[in-house]
Amino acid sequence: MKNYSLRTRLIAWISIPIIFATLAALASSYHFAKEEIEEVYDAQLVHSAKVLLQLTEHEILEDEGFDLGLENPDLQHKYERNLGFRIWANNVLVTESPTAQSFKDFEAPPGFSNHIIDGHEWRFFVFLEGEKGIKIEVSERNDIRYELIVQLMISLIVPALMFLPVLILIIWIGVSKVLNPVVKMAADVDQRGSDDLSPMKIEAMPEEILPFAEALNRLFARLEESFKREREFTDHAAHELRTPLAAMKTQTQVLIKKVGDKPDCAEGLANLQASIDRAAHLVDQLLSLARLQNESLPLDRMNLSACVSEAVRDFESSAKAKEITLSGDITPNIYAQAHEASLPILLANLLDNAIKYTSRGGSVTVSLNAEGLLSIADTGTGLSDTNKKRVFERFVRVDKTGQSGSGLGLSIVQWIASAHKAKITLEDNAPHGLKVLMQWKVMK
């Protein structure tokens, strides 16, 4: 199933109803505004008809006749052409406004009605005074009404069009801020190391994501307990194995001395002793890994240059025994945050691997520069790109040279490097061999 954005969905669920509600409000406003404007203008037509009746009734009944006279141009208005009136007495047109002259012989029925004259829609109101034989017709072009409705709707729509984008932007910012705790929680989990199973802080956490955070904390607690049992089992098993292995090695050495003059027996016992040594090395590696994983590895300021130099000196005899040239190019007084007990283990595993997999007569070069880059390069068989990724897994051995090993050395190195937040990479060493690079954060 395709992933989706929670932020986008929240904004959509909030914004879409607001937009539809705004459109519905505008439609409703148009409907009610149109009805109210029709009522107001119709009332004005009725009022105009009554005023005209009151003003002209006496003259009409006295049959004195009257004349409207010339219009005052100073009193003209641009909307005046949209209004008109006509007055009849006993079916004889008595007077009319200039705008009504275009109506000619047309007469509207009594009451309200709409008619199109000369391409314009007019609203008429005809008032009949039956007893006195007077008929008053007032008219108004509907353009006035439509113009007012349009003006009212523009006054509503323009603010709405300006308001909606601002509202959606506010909703976007608000939803983003509301979702910040989720983003922070994801970042907290993502930045943790594989060994960091401490509970998350749930103070001031939103109630909606609090159950999820608490579930994560319970998962962390279960994982921590599981890892603890695994480490304890490894530790106990390794301790239990050391004693019988030591006894077996002692007995094998005694037997080798006793059968010194029997080559066939001596060869078998030598192979047995080599197997015991491999098992003892595996137990030691397991113990080292168990001890390291049971500790929190507090980091202190250490002289990295001195530690690397000391490790090189410790392996000089091993290199000499295989006729391997072990050289160092170590910049003095390079300091870094490191764990005093685990750093020698890391360096020992790296140097042991380099010497072990370098052919007799080869070379191992150790360097540490001022930027804290540690390099251990050998002239051994090297590793393929695929195996470079696998060698850090537990109990994985990829060499085909027949060298003994537990498959834990580089796994221990990787774990210690991760605890120190030091980046470790493997590269090919020209013309052949392997180069291990570790970048340390140098302290001034």
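In the working numbering, the protein residues as written are 6 to 449.
For each residue, glycine too, the CB sits at the ideal point set by N, CA and C.
Per DSSP, what kind of secondary structure is residue i in: helix, strand or coil?
| i | result |
| --- | --- |
| isoleucine 429 | strand |
| tyrosine 340 | strand |
| leucine 525 | Because the chain is modelled from 6 through 449, residue 525 falls outside the range shown and cannot be assessed. |
| methionine 205 | coil |
| asparagine 392 | helix |
| histidine 437 | coil |
| arginine 128 | strand |
| asparagine 95 | coil |
| valine 264 | coil |
| arginine 306 | strand |
| alanine 1 | Outside the shown range of the chain (6 to 449) lies residue 1, about which nothing can therefore be said. |
| threonine 27 | helix |
| threonine 248 | helix |
| methionine 190 | helix |
| phenylalanine 168 | helix |
| phenylalanine 225 | helix |
Would you report the Cα separation of residue i and residue j, rounded to the nearest angstrom?
| i | j | result |
| --- | --- | --- |
| glutamate 398 | isoleucine 417 | 9 Å |
| serine 10 | isoleucine 16 | 10 Å |
| phenylalanine 37 | histidine 52 | 22 Å |
| leucine 228 | lysine 393 | 28 Å |
| isoleucine 451 | isoleucine 175 | Coverage of the chain is limited to positions 6 through 449, which leaves residue 451 absent and any answer about it impossible. |
| alanine 191 | threonine 391 | 31 Å |
| methionine 307 | lysine 426 | 15 Å |
| threonine 336 | serine 423 | 23 Å |
| isoleucine 450 | valine 155 | For the chain, the structure presents residues 6 to 449; residue 450 sits outside this window and is missing. |
| serine 102 | isoleucine 92 | 9 Å |
| aspartate 282 | alanine 275 | 10 Å |
| asparagine 434 | isoleucine 360 | 14 Å |
| valine 171 | isoleucine 178 | 11 Å |
| serine 411 | leucine 246 | Caution is warranted here: a pLDDT of 47 is assigned to serine 411, below 50, making its placement in the model unreliable, and the coordinate value is therefore given only provisionally. Rounded to the nearest angstrom, the two C-alpha atoms are 15 Å apart. |
| leucine 80 | glutamine 49 | Interpretation of leucine 80 is limited by its pLDDT of 48, a score under 50 that renders its predicted location unreliable; no figure is taken from the coordinates. |
| lysine 109 | asparagine 119 | 17 Å |
| phenylalanine 232 | arginine 14 | 39 Å |
| isoleucine 21 | isoleucine 173 | 10 Å |
| alanine 242 | threonine 248 | 11 Å |
Which same chain residues, not among the five before or five after residue i, have their C-beta less than 7 Å away from its C-beta?
| i | result |
| --- | --- |
| leucine 331 | Val317, Phe320, Glu321, Ala324 and Val369 |
| leucine 123 | The question names leucine, but residue 123 in the sequence shown is aspartate. The residues are Ser107. |
| leucine 161 | Leu31 and Ser34 |
| leucine 373 | Leu309, Ser310, Val313, Ile335, Thr336, Ile339 and Leu379 |
| alanine 452 | Since the first residue of the chain shown is 6 and the last is 449, residue 452 is not available in this structure. |
| asparagine 95 | Gly138 |
| leucine 250 | Ile281, Ala284, Ala285 and Val288 |
| serine 389 | none |
| glycine 89 | Ser102, Thr104, Ala105 and Ser144 |
| tyrosine 444 | A small fix is needed here, since residue 444 is glutamine in this sequence, not tyrosine. Excluding positions up to five away in sequence, the list reads Gly377, Leu378, Ala427 and Lys428. |
| glutamate 345 | Asp305 and Met307 |
Could you round the C-beta distance between residue i and residue j to whole angstroms and report it? I think they count as a contact, below 8 Å.
| i | j | result |
| --- | --- | --- |
| alanine 105 | phenylalanine 129 | About 10 Å; that fails the 8 Å criterion. |
| alanine 343 | leucine 309 | 7 Å |
| isoleucine 24 | leucine 169 | 6 Å |
| methionine 205 | asparagine 222 | 6 Å |
| cysteine 312 | leucine 352 | 7 Å |
| methionine 479 | alanine 220 | The structure shown does not extend to residue 479, since the chain spans only 6 to 449, so no value can be given for it. |
| glutamate 328 | arginine 365 | 5 Å |
| isoleucine 339 | glycine 377 | 6 Å |
| lysine 254 | alanine 285 | 7 Å |
| histidine 125 | arginine 146 | 6 Å |
| phenylalanine 225 | leucine 202 | 4 Å |
| glycine 438 | aspartate 383 | 5 Å |
Using C-beta distances below 8 Å, list every residue in its chain close to residue i, excluding the 5 sequence neighbours before and after it, in chain order.
| i | result |
| --- | --- |
| leucine 58 | Phe132, Glu134, Ile139 and Ile141 |
| asparagine 354 | Gly414, Leu415, Ile417 and Val418 |
| glycine 116 | Phe130 and Val131 |
| alanine 257 | The residue asked about is misnamed: residue 257 is threonine in this sequence, not alanine. The answer, listed in chain order, is Leu274, Leu277, Gln278 and Ile281. |
| valine 194 | Met205 and Leu221 |
| serine 181 | Arg12 |
Within 9 Å of any Cβ in chain C, is that where the Cβ of residue i sits?
| i | result |
| --- | --- |
| proline 216 | The structure shown contains no chain C; it is built from a single protein chain. |
For residue i, collect the residues of the same chain with a Cβ closer than 6 Å to its Cβ; drop the 5 residues on either side in sequence, then sort them by chain order.
| i | result |
| --- | --- |
| leucine 442 | Ser380 and Thr430 |
| arginine 234 | none |
| glutamate 432 | Lys440 |
| phenylalanine 5 | The structure shown does not extend to residue 5, since the chain is modelled only from 6 to 449, so the question has no answer here. |
Check each candidate in the options and name the one with the smallest Cα separation from residue i.
| i | options | result |
| --- | --- | --- |
| valine 143 | Arg86, Ala226, Thr386 and Asn434 | Arg86 |
| glutamate 208 | Thr13, Leu202 and Pro216 | Pro216 |
| threonine 363 | Pro303, Ser347, Ala242 and Gly385 | Gly385 |
| arginine 12 | Val187, Glu152 and Asp148 | Val187 |
| lysine 446 | Asn434, Asp334, Leu304 and Met167 | Leu304 |
| glutamate 152 | Leu356, Ala54, Lys7 and Tyr46 | Tyr46 |
| leucine 166 | Glu345, Thr27, Pro349 and Glu62 | Thr27 |
| serine 347 | Asp357, Pro436 and Ile421 | Ile421 |
| lysine 449 | Ala341, Val56 and Cys270 | Ala341 |
| threonine 61 | Asn358, Arg197, Leu98 and Leu88 | Leu98 |
| proline 436 | Gly367, Val396 and Arg395 | Gly367 |
| glutamate 64 | Thr100, Glu44, Glu40 and Lys39 | Thr100 |
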